[in-house]
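Q: In terms of my numbering, the sequence shown is residues 6 to 182. For glycine and all other residues, C-beta sits at the position ideal for the given N, C-alpha and C.
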Amino acid sequence: EVDTTGLRGVTLHINSQQVQTSSQGDTRIYTLHHGRPALATIVANVASRYGFALVPEGQARYFLDLKQVVPDGGACIEGFDAFGEGASYTTSVLTFGLFPAVSGHCLVVRAELSASINGEKVLLAEFVSNAGRVNVIAAFHEVDSYQVSVDPFDEEKGIEASFGGLFNTMIREGAFD
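1. Please classify ASN20: does DSSP put it in a helix, a strand, or coil?
2. Can you tell me where the alpha helix (DSSP H) with VAL48 in it begins and where it stops?
3. For the segment 41 to 48 against the segment 122 to 135, are there 3 or more C-beta pairs whose distance is under 8 Å?
4. When burial is assigned at 16 or more other CB atoms within 10 Å of the CB, is ILE34 buried or exposed?
5. Which residues in the same chain as SER21 place their Cβ atom closer than 6 Å to its Cβ, once the five residues preceding and following it in sequence are excluded?
6. Excluding the 5 residues preceding and the 5 following SER121 in the sequence, name in chain order all residues of the same chain whose CB lies nearer than 7 Å to its CB.
7. Is DSSP giving PRO157 helix, strand or coil here?
8. Starting from ARG66, follow the beta strand (DSSP E) in both directions and report where the run begins and ends.
9. Under a Cβ-count criterion, where at least 16 other Cβ atoms within 10 Å of its own Cβ denotes burial, should THR10 be classed as buried or exposed?
10. Would you list the residues sitting across from HIS110 in a DSSP beta bridge?
11. Leaving out five residues before and five after PRO76 in sequence, what residues of the same chain have Cβ atoms less than 7 Å from its Cβ?
12. Report all residues from its chain with a CB closer than 8 Å to the CB of GLY18; omit the five preceding and five following residues, and keep chain order.
13. Pull up the CB-CB distance for ARG115 and GLN73, whole angstroms please, since I reckon it's below 8 Å.
14. Can you name, in chain order, every residue of its own chain whose Cβ lies under 6 Å from the Cβ of ILE164, other than the five neighbours on each side?
15. Among the residues of its own chain, which have a CB less than 8 Å from the CB of GLY170, if the five just before and after it don't count?
16. Of the choices ALA180, ASP156, GLU160 and SER154, whose alpha-carbon is the least far from that of LEU118?
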């Protein structure tokens, strides 16, 4: 979506040491399958695809501090918020049977971008993206469990999409100019 040609050679250091990976919504705690090391790898892969040169902190011009990578508890998918309404199953009028609940989660990524200006680290802005989504079609006992109802591979792809949305927003807003 954005022109990344100007990012070649832009040095970036990514810090994921303090990233939050769980969220609470509707009296439930939603925890990612992926921990800090896996998140660091995912964001590094996405940043490399955008053309950033990933470097140690002492060599970087820009610093991305990950603050939060969390599932949102199903709030982003309107019309499918079965979790939020406490509904675990829908009833079929035609078959008088039960169908699995359908819902989804947005994967929210929140990060602070800083720059090295005159040798000092200066906060530029905080950015948020929830572009990544995972769909959930859960069986009877799985509806309330994020860990059981969300596939780790799907979660990884959703996290990648959210990081892509985060970088797109940063580039559109001129953060690296």
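A: This is what the structure holds:
1. For the purposes of this step, residue 20 is taken as residue 15 along the sequence shown, with counting starting at 1. Looking at ASN20 - three-state DSSP - the assignment turns out to be strand.
2. On the sequence shown, position 43 is the one that residue 48 refers to. Looking at the DSSP string, the run of the alpha helix (DSSP H) that includes VAL48 is 41 to 55.
3. no
4. Walking along the sequence shown from the start, residue 34 turns up at place 29. By the 10 Å Cβ count, ILE34 comes out exposed.
5. Taking the sequence shown and counting its residues from 1, the one referred to as residue 21 is at position 16. Answer for SER21: ARG41, LEU44, ALA45 and LEU71, listed in chain order.
6. Looking up residue 121 in the sequence shown gives position 116. For SER121, where only same-chain residues beyond five positions count, the Cβ hits under 7 Å are ALA65 and ARG66.
7. Indexing the sequence shown from 1 puts residue 157 at position 152. Helix, per DSSP.
8. Numbered from its first residue, the sequence shown carries residue 66 at position 61. Run containing ARG66: none; DSSP gives neither H nor E here.
9. The residue you call residue 10 lines up with position 5 of the sequence shown. Per the 10 Å Cβ criterion, exposed.
10. By 1-based counting over the sequence shown, the position of residue 110 is 105. Note: HIS110 sits in a beta bridge opposite VAL139.
11. Working through the sequence shown from its first residue, we reach residue 76 at position 71. Excluding sequence neighbours, PRO76 sits near SER28, TYR35, LEU37, HIS110, LEU112 and TYR151.
12. Counting from 1 along the sequence shown, the entry for residue 18 is found at position 13. One point to set straight first is that residue 18 is His, not Gly, in the sequence displayed. Excluding positions up to five away in sequence, the list reads LEU59, VAL60, PRO61, GLU62, GLN64, ALA65, TYR67, PHE68 and LEU69.
13. Position 110 of the sequence shown, counted from the first residue, corresponds to residue 115. Position 68 of the sequence shown, counted from the first residue, corresponds to residue 73. About 4 Å separates the Cβ atoms of ARG115 and GLN73, confirming a contact at the 8 Å cut-off.
14. Counted from its first residue, the sequence shown places residue 164 at position 159. ILE47, LEU112 and GLY137, listed in sequence order.
15. What you label residue 170 is simply residue 165 of the sequence shown in a count that begins at 1. Correct list, in chain order: VAL114, SER134, ASN135, ALA136 and GLY137.
16. Locating residue 118 in the sequence shown gives position 113, where the first residue counts as 1. Selected option, being the one with the closest Cα: ALA180.
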